[in-house]
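Colleague: Position 106 of the sequence shown, counted from 1, bears residue number 483 in the numbering used here, the numbering being contiguous throughout. C-beta atoms are modelled at their ideal positions from N, C-alpha and C, and glycine is treated no differently. All values derive from a computational prediction rather than experimental measurement.
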Amino acid sequence: MIRGILIAILGIAVISTGYWGYKEHQEKDAVLLHAENNYQRAFHDLTYQVDQLHDKLGATLAMNSQTSISPALADVWRMSSEAHNNVSQLPLTLMPFNKTEEFLANVGDFSYKSSLKSLSDEPLNKDTHKTITTLYDQAADIQNELRQVQHLVLNKNLKWMDVEMALADGDRKNDNTIIDGLKTVERNADAFADVDLGPTNVSTESETQGYNHLKGQKISKKEAIRIAQQFAPDHNKDFKVRKSGSKTNRDVYSLSMSDPDNRANFYLDLTEKGGHPVYLLQNREVKKQKISLNDASEKALSFLKKHGFDTESFHLDESAQFDNIGVFTYVPLQNNVLLYPDSIRMKVALDDGEVVGFSAKDYLMNHRKRDIKAPKISRKEAEKTLNKHVKIEDTHVALVQNDMSEEVLCYEFLGTIKNDTYRMFINADTGKEERVDKLKNAEPIYKDL
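#1: Looking at the strands, I want to know which residues DSSP matches up with G652.
#2: From this set, N712, K815, V704, which residue's C-alpha is nearest S736's C-alpha?
#3: Run through DSSP, which three-state label would D719 get?
#4: On the DSSP bridge assignment, give the partners of S633 in chain order.
#5: Quickly, what does DSSP pair G703 with across the bridge? List them, please.
#6: Which whole-angstrom value describes the C-beta separation of P718 and Q666, a residue pair presumed to lie in contact below a C-beta threshold of 8 Å?
#7: Could you pull the DSSP bridge partners for L791 from this structure?
#8: Buried or exposed: E789, going by 16 or more other Cβ atoms within 10 Å of its Cβ?
#9: Please classify R418: is it buried, with 16 or more other beta-carbons within 10 angstroms of its beta-carbon, or exposed?
#10: If you pair each beta-carbon of the segment 762–773 with each one of the segment 802–812, do three or more pairs fall below 8 Å?
#11: Beta-carbon within less than 6 Å of V530's beta-carbon, same chain only, minus the 5 sequence neighbours each way: which residues are those?
#12: Measuring CB atoms only, is the segment 652–672 touching the segment 724–740, in the sense that at least three cross pairs come out at less than 8 Å?
#13: Grab me the residues of K560's own chain with a C-beta within less than 7 Å of its C-beta, minus the 5 sequence neighbours each way, in chain order.
#14: Output needed for H773: all residues of its chain with C-beta closer than 7 Å, excluding positions within five of it in sequence on either side, in chain order.
#15: Between T793 and G652, what straight-line distance do the alpha-carbon atoms span, to the nearest angstrom?
#16: Out of D797, D739, I803, D780, which has the shortest C-alpha to C-alpha gap to K757?
#17: If contacts are defined as beta-carbon pairs under 8 Å, then V484 and S457 qualify, I think. What distance do you get, rounded to the angstrom?
#18: On the three-state DSSP scale, how would you describe V732?
#19: Whole angstroms are fine: how far does the CA of I602 sit from the CA of L523?
#20: State the Cα-Cα distance for the pair M801 and R722, rounded to the nearest angstrom.
#21: Rounded to whole angstroms, how far is the Cβ of L645 from the Cβ of F608, which I believe are closer than 8 Å?
#22: What whole-angstrom Cβ distance do Q426 and A460 have, given they're in contact under 8 Å?
#23: In chain order, what residues of the same chain lie with their CB nearer than 6 Å to the CB of D806, ignoring the 5 residues before and after it?
#24: Count the other C-beta atoms from every protein chain shown that fall within 10 angstroms of the C-beta of S597, then say buried if there are 16 or more, exposed otherwise.
#25: Considering just the uninterrupted stretch of the beta strand (DSSP E) at V813, what are its terminal residues?
#26: Expressed to the nearest angstrom, what Euclidean distance is found between the alpha-carbon atoms of S720 and S696?
#27: Could you check whether H431 and H766 sit closer than 9 Å to each other, using their CB atoms as the reference points?
#28: Going by C-alpha distance, which of R455, S488, L535 is nearest E413?
#29: Checking the sheet assignment: what are the DSSP bridge partners for I784?
#30: According to DSSP, is V464 part of a helix, a strand, or is it coil?
#31: If you draw a straight line from the C-alpha of N701 to the C-alpha of D504, how long is it?
#32: Given a threshold of 16 other Cβ atoms within 10 Å of its Cβ, counted over all protein chains shown, does Q520 qualify as buried or as exposed?
#33: Straight-line CA distance for T508 to L786?
#34: Tell me V714's beta-bridge partners as DSSP assigns them.
Following this line, the structure appears as structure tokens:
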């Protein structure tokens, strides 16, 4: 009897100890996962911020107005500060990374002081232009190395906790891919002794106006599902529907669908008024490229025409390839004036030409017939205001939004400095430099080590 009681007590003790150990293990795993997520976020934020820093420095080189340069340099200072903050959140206390931090600090210090100077007499003097050019080139090197590390982290599913443990153990026998990559970043920084918004981005203020220009009657949930099935004919599954934006002028139906047979997730937003497509996103594996970028752009246009858009007035503004996906921006024209606030962005899979991404929010909020006046200054007069270092390649007349969320008529100049391309918008009435954007270069292809 006593023996049985002792065995029972011992059994309970073993079970309790096992449960306690299991809970301890779970809690430890949760802490490690939280730390890993924070490290991953900090690193990917750092890579993104250096991308933005590099582009903003490049855009500054093409500017020629105090009202543009000072805010741009203030942005550079903010970006460098954010990047510096994310470096401090990485597990690098036992690894020298001070040269990279020093570079970010120098960029921030220079841009902050320069943004406070009066640039009215000479927006960018020779010395300042030379310094920004040097920082721009240096940021490009750091950007490239960080992207290489990022590619390896994502492609090989590398963990930052392994970096922390390797550094803490002082283990020099086993190579760590992340550590090796960051050492390359640091060597490049040591050798020196980094939302692009673009003209098609619409300000947050304009987003509050909603879909005032839409036509059509309000649709029901059943009608929303019927329309969604037209956008996803190859994924004939049940849609989940929810309504958002209630009691506003931006009411939409959000539809989602998981299709395990085709290994795809499908998302679509439709306006309640008229059932117009706002967003479309299809997450699926894009296989080996079979169609050209030009063929993909034709597929995108066919998609727009099929769903009721007036493609005859659309201009293909941007076309780029990222891995096996074609990315396109279409801008409507009115009397040969580009209407950038009304742009549509699309992604097309290059394996079969299927549209896997679509955004018509700006078009639906802004598109209408406008009363566009003739420019008050000539193209040649506008060109005289441009930075002397820019080589002009092309010119258009375009409507863009300025910093005050006002639509302004501009001369758009496409120009280059070295191997980079810029878009400069000069007010067609006043000659003021409204904005300068650096266009994205083709993405480099990174290889596994």
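Modeller: With the structure as the only source:
#1: G652 pairs with nothing; no bridge assigned.
#2: V704
#3: helix
#4: K617, Y644
#5: Q698, V725
#6: The Cβ separation is near 33 Å, so there is no contact.
#7: D771, R800
#8: buried
#9: exposed
#10: yes
#11: none
#12: yes
#13: none
#14: L715, E789
#15: 42 Å
#16: I803
#17: 4 Å
#18: strand
#19: 43 Å
#20: 21 Å
#21: 6 Å
#22: 4 Å
#23: K753
#24: exposed
#25: 810–815
#26: 13 Å
#27: no
#28: L535
#29: First, the residue type needs correcting, since residue 784 is Glu and not Ile in the sequence shown. Q778, per the DSSP bridge assignment.
#30: helix
#31: 43 Å
#32: buried
#33: 33 Å
#34: Q711, V774
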